[in-house]
Amino acid sequence: MAVYTEVSVEDLDALLAKYDIGQVLAFKGIAEGVENSNFYLGTDKAQYILTLYEKRVAAGDLPFFLGLMEHLAQKGVNCPLPVHDLDGRILQTLAGRPAAFVTFLSGYSLKRPQPVHCHSLGEAIARLHLAGRDFTLHRDNALSVAGWQELFASIEGLADRLVPKISLSLVRHLDDIAAHWPSKLPQGVIHADLFPDNVFFLDNRVSGLIDFYFACNDLFAYDLAICMNAWCFELDGAFNVTKARALFAGYNSVRALDDAEVAALPLLAKGAAIRFFLTRAYDWFNTPDNAFVKRKDPMEYWRKLAFHDGVKHAGAYGL
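So the sequence shown is numbered by the UniProt record's numbering: it starts at 1 and just counts up by one.
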């Protein structure tokens with residue numbers, strides 16, 4: 001979440017006139033995240049999040065994202081529920097951007113998750129994967145192998161500002177991953193961005209999942225690899241195998257990974273590290289200085305990629 005586009009009082013009032021969600025008590029921007037402009041709205045009836053979808057989110061993908069949230073909520077996955085206006089519509093236009101309200105979830109995100117949280121997260125990911133099996137819409141992952149090549153091309157002249165000659169190493173990694181990327185593993189709807197700030201907890205249990213705007217159809221094990229990278233490294237960069245073991249145990253207690261998925265995890269983890277290095281590097285060089293957003297360090301994911309380079313078997317992840 002972030003704020004790139006400001007919302008005037010007049011525009012907000014005009015939008016709220018289309019809804020029956022109560023009188024405004026609070027309205028403020030939310031700085032976390034990097035993709036869309038987000039605002040907290042509190043009324044005398046409930047609490048909501050207003051999202052304005054910025055340039056990286058294609059308007060044509062919004063029915064998938066919003067429909068998926070409704071589908072998952074109906075299947076018992078605790079996630080934001082899109083709010084319909086008085087005419088039954090979800091999507092609006094505000095400040096020249098597509099926009100929508102979703103319900104506010106109770107809970108808190110974690111700065112330093114522990115193994116118990118990783119276990120609950122694994123369970124929640126598996127339930128999401130199972131709940132999405134009969135979702136009828138389909139969205140390819142625009143940030144998979146082909147998308148990484150395009151992202152790299154967009155920053156190729158800039159990447160060496162981070163580390164001299166890093167572009168040469170990126171080329172080698174991208175070519176190797178593309179040559180060996182699996183295609184026949186179990187797949188379906190994945191979240192693709194379950195970082196700690198997108199997961200809420202109450203009493204050490206997952207209470208909700210948010211920010212579905214990278215959701216797509218892809219490999220289930222790749223979703224887990226993304227989560228392992230985001231949850232199982234300490235602040236000093238050390239890999240915590242106890243957290244990884246808990247993450248996979250939680251997942252396997254709901255949906256068991258097959259042998260091929262387990263074997264592919266080192267490669268999938270490298271791909272996940274490349275993906276977030278590239279998107280962070282792109283944002284590092286392209287985020288406006290006046291944007292109300294926290295830029296994230298791309299080199300964190302370069303260091304994670306280096307760790308996975310030394311992993312030969314998923315046993316290193318506690319499996």
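Glycine included, each C-beta is placed from N, C-alpha and C at the ideal position. Please read all numbers here as calculations on a predicted model, not as lab measurements.
Review point. Do the CB positions of L72 and A100 come within less than 8 Å of each other?
Key: Locating residue 72 in the sequence shown gives position 72, counting from the first residue. Locating residue 100 in the sequence shown gives position 100, counting from the first residue. No, they are not a contact pair.
Review point. Apart from the five residues on each side of it in sequence, which residues of its chain come closer than 8 Å, Cβ to Cβ, to C79?
Key: Against the sequence shown, residue 79 aligns to sequence position 79. If we look at C79 and ignore the five residues flanking it on each side, its Cβ neighbours are M69, L72, A73, L105, G208, L209, I210 and F212.
Exercise for review: Assign M1 to one of three DSSP states: helix, strand, or coil.
Suggested key: In the sequence shown, residue 1 corresponds to position 1, counting from 1. The predicted model places M1 with a pLDDT of 42, which falls under 50 and marks its position as unreliable, so this point remains unresolved.
Review point. What does a CB cutoff of less than 6 Å around L41 pick up in its chain, not counting 5 residues either side in sequence?
Key: Sequence index remark: in the sequence shown, residue 41 carries index 41 (1-based). For L41, the CB contacts under 6 Å within the same chain, skipping 5 residues up- and downstream, are F27, Y48 and L50 in chain order.
Review point. Does the distance from the CB of P115 to the CB of A246 come in under 8 Å?
Key: Taking the sequence shown and counting its residues from 1, one reaches residue 115 at position 115. Taking the sequence shown and counting its residues from 1, one reaches residue 246 at position 246. Yes. Within cutoff.
Check your understanding: Excluding the five sequence neighbours on either side, which residues of its own chain have a C-beta within less than 7 Å of the C-beta of D44, listed in chain order?
Key -> The residue you call residue 44 lines up with position 44 of the sequence shown. So the qualifying residues of the chain are G22, Q23 and L25.
Check your understanding: Can you tell me where the beta strand (DSSP E) with A26 in it begins and where it stops?
Key -> Here the question's residue 26 lines up with position 26 in the sequence shown. Element bounds for A26: V24 to G29.
Review point. Considering only residues of the same chain and omitting the five flanking positions on each side of A59, which have a CB-CB separation below 8 Å?
Key: Here residue 59 refers to the residue found at position 59 when the sequence shown is read from its first residue. Once the five neighbours on either side are set aside, the close Cβ partners of A59 are Y53 and P98.
Review point. Roughly how far, in whole angstroms, is the beta-carbon of P266 from the beta-carbon of A314, given that I think they are within contact range, below 8 Å?
Key: The count along the sequence shown starts at 1 and reaches residue 266 at position 266. The count along the sequence shown starts at 1 and reaches residue 314 at position 314. That belief holds up - the Cβ atoms of P266 and A314 are roughly 6 Å apart, short of 8 Å.
**Study point:** Terminal residues of the beta strand (DSSP E) in which R97 lies
**Key:** Numbered from its first residue, the sequence shown carries residue 97 at position 97. That run of the beta strand (DSSP E) goes R97 to T103.
Review point. If you draw a straight line from the C-alpha of V102 to the C-alpha of Q92, how long is it?
Key: What you label residue 102 is simply residue 102 of the sequence shown in a count that begins at 1. What you label residue 92 is simply residue 92 of the sequence shown in a count that begins at 1. Going by C-alpha positions, V102 is about 12 Å away from Q92.
Review point. Could you check where the alpha helix (DSSP H) with residue 326 kicks off and where it finishes?
Key: Only positions 1 to 319 of the chain appear in the structure, and residue 326 is not among them; the question remains open.
Point to revise | Contact set for F201: own chain, Cβ-Cβ below 8 Å, skip 5 residues either direction | key: Within the sequence shown, residue 201 is the residue found at index 201, counting from 1. These residues qualify, in order along the chain: G107, Y108, S109, L110, H117, S120 and S207.
Exercise for review: Specify, as a first and last residue, the run of the alpha helix (DSSP H) that V205 falls within.
Suggested key: Walking along the sequence shown from the start, residue 205 turns up at place 205. For clarity, residue 205 is Arg in the given sequence; the question names Val instead. Unbroken run through R205 is the beta strand (DSSP E), R205 to L209; no alpha helix (DSSP H).
Check your understanding: Just the Cα atoms here: how many angstroms apart are D236 and R303?
Key -> Translated into positions along the sequence shown, residue 236 becomes position 236. Translated into positions along the sequence shown, residue 303 becomes position 303. Rounded to the nearest angstrom, the two C-alpha atoms are 11 Å apart.
Check your understanding: Does the beta-carbon of K270 have 16 or more other beta-carbons within 10 angstroms, so that it is buried, or is it exposed?
Key -> To locate residue 270, count along the sequence shown from 1; it is residue 270. By the C-beta density criterion, K270 is buried, having at least 16 other C-beta atoms within 10 angstroms.
Review point. Out of curiosity, what's the CA-to-CA distance linking K55 and I274?
Key: Position 55 of the sequence shown, counted from the first residue, corresponds to residue 55. Position 274 of the sequence shown, counted from the first residue, corresponds to residue 274. So the two alpha carbons sit approximately 22 Å from each other.
Check your understanding: Helix, strand or coil for N229 per DSSP?
Key -> Counting from 1 along the sequence shown, the entry for residue 229 is found at position 229. In this structure, N229 counts as helix in the three-state DSSP scheme.
Practice item. Provide the residue span of the alpha helix (DSSP H) that contains S154, from first to last. Key: In the sequence shown, counting from the first residue as 1, residue 154 sits at position 154. First-last of the alpha helix (DSSP H) with S154: V145 to I155.
Practice item. Give me the Cα-Cα distance between residue 369 and A316, rounded to the nearest whole angstrom. Key: The structure shown does not extend to residue 369, since the chain spans only 1 to 319, so no value can be given for it.
Point to revise | Exposure label - V9; buried when at least 16 CB within 10 Å | key: Numbered from its first residue, the sequence shown carries residue 9 at position 9. Around the C-beta of V9, fewer than 16 other C-beta atoms lie within 10 Å, and the residue is accordingly described as exposed.
Exercise for review: Spatial neighbours of F64 within its chain, please: CB distance less than 6 Å, with the 5 preceding and 5 following residues excluded, ordered by chain position.
Suggested key: The residue given as residue 64 occupies position 64 in the sequence shown. L137 and R139, listed in sequence order.
Review point. Three or more beta-carbon pairs under 8 Å between the stretch 145 to 160 and the stretch 191 to 199, yes or no?
Key: Output reads no: the stretch 191 to 199 does not touch the stretch 145 to 160.
Practice item. Determine the direct distance from the alpha carbon of D85 to that of A95, and round the result to whole angstroms. Key: Numbered from its first residue, the sequence shown carries residue 95 at position 95. Numbered from its first residue, the sequence shown carries residue 85 at position 85. Rounded to whole angstroms, A95 to D85 spans 18 Å at the Cα level.
Exercise for review: Report the residue ranges of all alpha helix (DSSP H) runs contained in full by the stretch 229 to 303; include only those spanning at least 4 residues, in chain order.
Suggested key: Considered as a whole, the stretch 229 to 303 harbours 241 to 252 and 259 to 286 as its complete alpha helix (DSSP H) runs of no fewer than 4 residues, in chain order.
Exercise for review: Just the C-alpha distance for A264 and T5, rounded to the nearest angstrom, thanks.
Suggested key: Residue 264 sits at position 264 when you count from the first residue of the sequence shown. Residue 5 sits at position 5 when you count from the first residue of the sequence shown. So the two alpha carbons sit approximately 40 Å from each other.
**Study point:** Through-space distance from F239 to H129, alpha-carbon basis
**Key:** Residue 129 sits at position 129 when you count from the first residue of the sequence shown. Residue 239 sits at position 239 when you count from the first residue of the sequence shown. When rounded, the distance between both Cα atoms is 25 Å.
**Study point:** Cβ neighbour criterion (16 or more within 10 Å) applied to E35
**Key:** Your numbering for residue 35 matches position 35 in the sequence shown. The Cβ neighbour count for E35, taken over all protein chains shown within 10 Å, is at least 16; the residue is labelled buried.
Review point. Does DSSP put C216 in a helix, in a strand, or in coil?
Key: Looking up residue 216 in the sequence shown gives position 216. Of the three classes helix, strand and coil, the one that applies to C216 here is strand, per DSSP.
Check your understanding: Which two residues bound the contiguous alpha helix (DSSP H) that contains S120?
Key -> Taking the sequence shown and counting its residues from 1, one reaches residue 120 at position 120. Element bounds for S120: P115 to A131.
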